[in-house]
Amino acid sequence: MSTPTPQAYVLRGVRPYGTDPVDVVLADGVIAAIGAPGTVEVPDGATEIPAGSDGTGSDGTGLVLLPGLVDLHTHLREPGREDAETVFSGTRAAAAGGFTAVHAMANTTPTQDTAGVVEQVYRLGQEAGWADVHPVGAVTVGLGGERLAELGAMADSAARVRVFSDDGKCVHDPVLMRRALEYVKAFDGVVAQHAQEPRLTEGAQMNEGIVSAQIGLTGWPAVAEESIIARDVLLAEHVGSRLHVCHLSTAGSVEIVRWAKGRGINVTAEVTPHHLVLTDDLARDYDPVFKVNPPLRTAKDVEAVREGLADGTIDIVATDHAPHPVEDKDCEWSSAAFGMTGLETALSVVQQTMVDTGRMTWADVARVLSENPARIGRIDEGPASQGRPVAVGEPANLTLVDPAATRAIDGRTQVTASSNTPFGGMELPGRVVATFLRGRATVLDGVVVDRAAVDRAAGAPAFEGATR
Amino acid sequence: MKHLLTTQGMSKDDAILLLDTSAQMAATQSRENKKLPTLRGRTVVNLFYEDSTRTRISFETAAKRLSADVINFSAKGSSVSKGESLKDTALTLHAMGADAVVVRHSASGAAHQLAHAGWLDAGVLNAGDGMHQHPTQALLDAFTIRRHLVGNVGADGRGADTSVGADLAGLRIAIVGDVLHSRVARSNVYLLHTLGAEVTLIAPPTLVPVGVEMWPCRVSYHLDETLEQWQPDAVMMLRVQRERMSGGSGAFFPSPMEYSRKFGFDGRRLAVLPDHAIVMHPGPMNRGLEISADAADHPRSVIVEQVANGVAVRMAALYLLLSGDDSASTEKTSTDERNAL
Chain R
1 MSTPTPQAYV LRGVRPYGTD PVDVVLADGV IAAIGAPGTV EVPDGATEIP AGSDGTGSDG
61 TGLVLLPGLV DLHTHLREPG REDAETVFSG TRAAAAGGFT AVHAMANTTP TQDTAGVVEQ
121 VYRLGQEAGW ADVHPVGAVT VGLGGERLAE LGAMADSAAR VRVFSDDGKC VHDPVLMRRA
181 LEYVKAFDGV VAQHAQEPRL TEGAQMNEGI VSAQIGLTGW PAVAEESIIA RDVLLAEHVG
241 SRLHVCHLST AGSVEIVRWA KGRGINVTAE VTPHHLVLTD DLARDYDPVF KVNPPLRTAK
301 DVEAVREGLA DGTIDIVATD HAPHPVEDKD CEWSSAAFGM TGLETALSVV QQTMVDTGRM
361 TWADVARVLS ENPARIGRID EGPASQGRPV AVGEPANLTL VDPAATRAID GRTQVTASSN
421 TPFGGMELPG RVVATFLRGR ATVLDGVVVD RAAVDRAAGA PAFEGATR
Chain L
1 MKHLLTTQGM SKDDAILLLD TSAQMAATQS RENKKLPTLR GRTVVNLFYE DSTRTRISFE
61 TAAKRLSADV INFSAKGSSV SKGESLKDTA LTLHAMGADA VVVRHSASGA AHQLAHAGWL
121 DAGVLNAGDG MHQHPTQALL DAFTIRRHLV GNVGADGRGA DTSVGADLAG LRIAIVGDVL
181 HSRVARSNVY LLHTLGAEVT LIAPPTLVPV GVEMWPCRVS YHLDETLEQW QPDAVMMLRV
241 QRERMSGGSG AFFPSPMEYS RKFGFDGRRL AVLPDHAIVM HPGPMNRGLE ISADAADHPR
301 SVIVEQVANG VAVRMAALYL LLSGDDSAST EKTSTDERNA L
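As you go down the protein sequences, you meet chains R and L in turn.
Residues in the first sequence are numbered consecutively from 1, following the UniProt record's numbering.
Residues in the second sequence are numbered consecutively from 1, following the UniProt record's numbering.
As structure tokens, this is what we get:
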């Protein structure tokens, strides 16, 4: 049997990176043609995707076409916590949010600290087929912070791990961090640090400041993040390694990264959507849906991370999508789990905070949500490359977004298996209309597309895995 | 008043109503028959997740003096210790028809969640939540201060309380000790400020929270200097937990001796105060650490009276929570009914 040919699509009057409307043809898994509306040759049987809400897009309100989004920081919870999320449900949520690739964090049970476990997660991602799954390897065995996991074996495995992180825990031992930074140079890897000085954050529940003082919750001081970032950028400079800072959250952290980049240190940084918009004031009602690590900070920090993202100090937005079952959030604040979901709201939050405010263009959005994360994760080249330009011949990993739409967010109706969104009850701008993974629609008309049905229509077997 | 969760944001009118109602309750407690029929047929649950015999007994006494049925639900020996969640416990109490829940919990915000998470309809009375609030403690402290320093009651407890309707304007109150971990300090700072008093917190810098600059009070690191120069009308000592000085590099102060020397209250420091000043402590005391025996047992110490006033204040709080209809503000609580006490 020949390789199945994905369905062909023609996207009418869409605006790549928010520029002038064009027609785009997707065929054989790649972008086959781009041309002025009505001028492109359309293959037989291609599915028409009409233009934006106004029908033409000529007044600048049509659908915006972006390279498929890439998340460098996702918790898919499988294996171990399938009650919160599975690779299948999490990547389905990713597709709904416009993502075509996610990096699955290592804090699963068992931990993603061996070639066997990362290959399992990688394979589950392929079978699910909603988005490419790139497992992140643990830096230390069992995230224990005591000895290096087999980083080389994970790098050499079928999962080709390039990002290593103990996320959820900080690699706090300076010698161990130095060794990890040095060791991953052999395979062009990167250590993604969860910057949290453990002694300064014992029992910590929320940002330490005015609100924590009033409501009596143990503080998580900004200095606990900043001191680790400062140490790590100096270590990276000393050993000439590549460092990535996960979910940076404070104004001081932005300053340190800005200083490090000015010095030529090879550091990249990410901010989460929630740290771009939410503040610690939300803890006042003790609703644990707002409990997250690092914690929500102050309005001053929110402004600093927006500025850092706009000026390039912060390279990417990553979701830190952290699904939890209801019982882990429907309880006392101090007993509740840290974390919030984010895959299905990330693009909307970035639009609201950065695009609608005039601080970034859609090309900048493509940079921070697709190109840069793909480059940091070293998935921007090769057979399943991501974060590529919207250009003829490139793989058809694409996200079509309607920026004029608004959505009311409701955790119970989201695609993720968990409901712990902090945006419940809020209206957010922008809606993902379609997502394409190598030319195959994972989302059409805002609804996730059952893959088996698409493949049957194209005369292909239900699962790629079945042919391997 | 549907719930009593915090003193932060409490209106001055509500605070004075609570104090005045407490005075009426206190007056009934000198009768031979201390029991009032007011809450007959109502059910009050004491839901205690933390050991606190003193506070529990105070609430239990208050509820029984008002003729309410009292159910004590303690975390030990109940389903809570088997892992039942706060939510399930709340649903159970709701199903059993509790009219008011008095809750003590180690988690800050537990009382707020019980009141607002939709698990239960009952009025919620916060009897201490983590490091957050303990509003009836602040009310009984304010009540005690008002009786002595505004009313005519002497340090010996004799004399008529002429302070009904008054606030605490112009009084200077020093709160000394572990402010960082103290729900008593947080509750008092806001209530005393609302009532017009000036508050100074006195503690080593390690026991003052980051963010204290937004509290309506001043902060001093020096007990002797503040007592001499500021001349407070009342000194409120906070309990220092023994574990605060252990933990090696995480200890909050070097030694109990040093703490005692710099922040302990004793006869010498008492002698520096004005003659009318009173000494307070929420209990239980660490004698010899934050307060010496001669200060604790001094005639100007009102520590035992604080306990007695605690019952009157809790009677007032339960009465105001349970006797009004759900939506009514405290002002609408029947004055006749209160006068009939």
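C-beta atoms are modelled at their ideal positions from N, C-alpha and C, and glycine is treated no differently.
For clarity, every value in this text was computed on a predicted model and none was experimentally measured.
query, result
"Are there 16 or more other CB atoms within 10 angstroms of the CB of Gln231 of chain L, so buried, or fewer, so exposed?", "exposed"
"Using a Cβ-Cβ cut-off of 8 Å, state whether Asp320 of chain R counts as contacting chain L.", "no"
"Check the C-beta distance from Gly189 of chain R over to Leu235 of chain R and give it rounded, since I have them as a contact under 8 Å.", "Going by Cβ atoms, the distance from Gly189 of chain R to Leu235 of chain R rounds to 15 Å, so no, they are not a contact pair."
"Of all Cβ atoms in chain L, is any one closer than 8 Å to the Cβ of Gln196 of chain R?", "no"
"Is any non-hydrogen atom of the ligand GTP found closer than 7 Å to the C-beta of Arg158 of chain L, if you look at the structure I gave you?", "In terms of ligand content, the structure shown is empty, and the ligand GTP therefore cannot be addressed."
"Interface residues of chain L around Ser335 of chain R at Cβ under 9 Å?", "Ser85, Leu86 and Ala107"
"Against chain L, which members of the stretch 198 to 214 of chain R pass a CB distance test of less than 9 Å?", "Arg199, Glu202, Gln205, Glu208, Gly209, Ile210, Val211, Ser212, Ala213 and Gln214"
"Check the Cβ of Glu332 of chain R against every Cβ in chain L and list those closer than 8 Å, keeping chain order.", "Leu86, His105, Ala107, Gly109, Ala110 and Gln113"
"Could you say if the stretch 159 to 167 of chain R and the stretch 109 to 123 of chain R meet the contact criterion of at least three C-beta pairs nearer than 8 Å?", "yes"
"So what does DSSP say about Gln352 of chain R, is it helix, strand or coil?", "helix"
"Which residue or residues does DSSP assign as beta-bridge partners of Ile49 of chain R?", "R:Leu11"
"Are the stretch 240 to 256 of chain L and the stretch 294 to 301 of chain L touching, with three or more C-beta to C-beta distances below 8 Å?", "no"
"What is the rounded straight-line gap between the Cα of Val350 of chain R and the Cα of Asp410 of chain R?", "18 Å"
"Using a cut-off of 8 Å between C-beta atoms, extract the partners of Arg186 of chain L located in chain R.", "Gln214 and Gly216"
"Which residues, in order along the stretch 206 to 238 of chain L, keep a beta-carbon less than 8 Å from a beta-carbon of chain R?", "Pro209, Val210, Gly211, Val212, Glu213, Met214 and Trp215"
"Could you tell me if Gln229 of chain L is buried or exposed, where buried requires 16 or more neighbouring beta carbons within 10 angstroms of its beta carbon?", "exposed"
"Quick one: does Gln8 of chain L have its CB under 8 Å from some CB of chain R?", "yes"
"For chain L, find out if any of its Cβ atoms is closer than 8 Å to the Cβ of Ala219 of chain R; answer yes or no.", "Checking the displayed sequence, the identity of residue 219 of chain R turns out to be Gly instead of Ala. Yes, Gly219 of chain R lies at the interface with chain L (some Cβ there is under 8 Å from its Cβ)."
"Assuming Ala46 of chain R contacts Val25 of chain R under a Cβ cut-off of 8 Å, what Cβ separation, rounded to an integer in Å, is found between them?", "7 Å"
"For Gly12 of chain L, collect the residues of the same chain with a Cβ closer than 6 Å to its Cβ; drop the 5 residues on either side in sequence, then sort them by chain order.", "The displayed chain sequence assigns Lys, not Gly, to residue 12 of chain L. Once the five neighbours on either side are set aside, the close Cβ partners of Lys12 of chain L are Thr194."
"Just to confirm before moving on: does the CB-CB distance between Ala94 of chain R and Trp130 of chain R stay below 8 Å?", "yes"
"In the structure shown, what three-state DSSP assignment does Met340 of chain R receive?", "strand"
"Would you say Asp285 of chain R lies against chain A (beta-carbon separation less than 8 Å)?", "Chain labels in this structure do not include chain A; the protein chains are R and L."
"Give me the residue from R:Gly98, R:Ala404 and R:Ala222 with the minimum Cα distance to Asp71 of chain R.", "R:Gly98"
"Could you compute how far the alpha carbon of Tyr49 of chain L sits from the alpha carbon of Val103 of chain L?", "8 Å"
"For Met131 of chain L, which residues in chain R fall below 7 Å Cβ to Cβ?", "Gly216"
"With a 10 Å radius around its C-beta and 16 neighbouring C-beta atoms as the bar for buried, classify Glu270 of chain R as buried or exposed.", "buried"
"Round the Cβ separation of Thr416 of chain R and Gly90 of chain R to the nearest angstrom and send it over; I've been treating them as touching at under 8 Å.", "7 Å"
"Checking contacts by CB at 8 Å: is Arg183 of chain L closer than that to chain R?", "yes"
"For Trp220 of chain R, name the three-state secondary structure that DSSP assigns.", "strand"
"Among the candidates R:Asp281, R:Gly387, R:Ser165 and R:Met340, whose CA atom is the shortest distance from the CA of Glu85 of chain R?", "R:Met340"
"Once the 5 residues before and after Gly159 of chain L are set aside, which same chain residues still bring their CB inside 7 Å of it?", "Asn152 and Val153"
"Distance cutoff 8 Å, beta carbons only. Does His116 of chain L sit that close to anything in chain R?", "yes"
"Kindly indicate which three-state DSSP category Asp23 of chain R falls into: helix, strand or coil?", "strand"
"Go to Leu243 of chain R, then tell me how far its beta strand (DSSP E) extends in each direction, as first and last residue.", "Leu243 to Val245"
"What's the C-alpha gap between Lys2 of chain L and Leu66 of chain R?", "53 Å"
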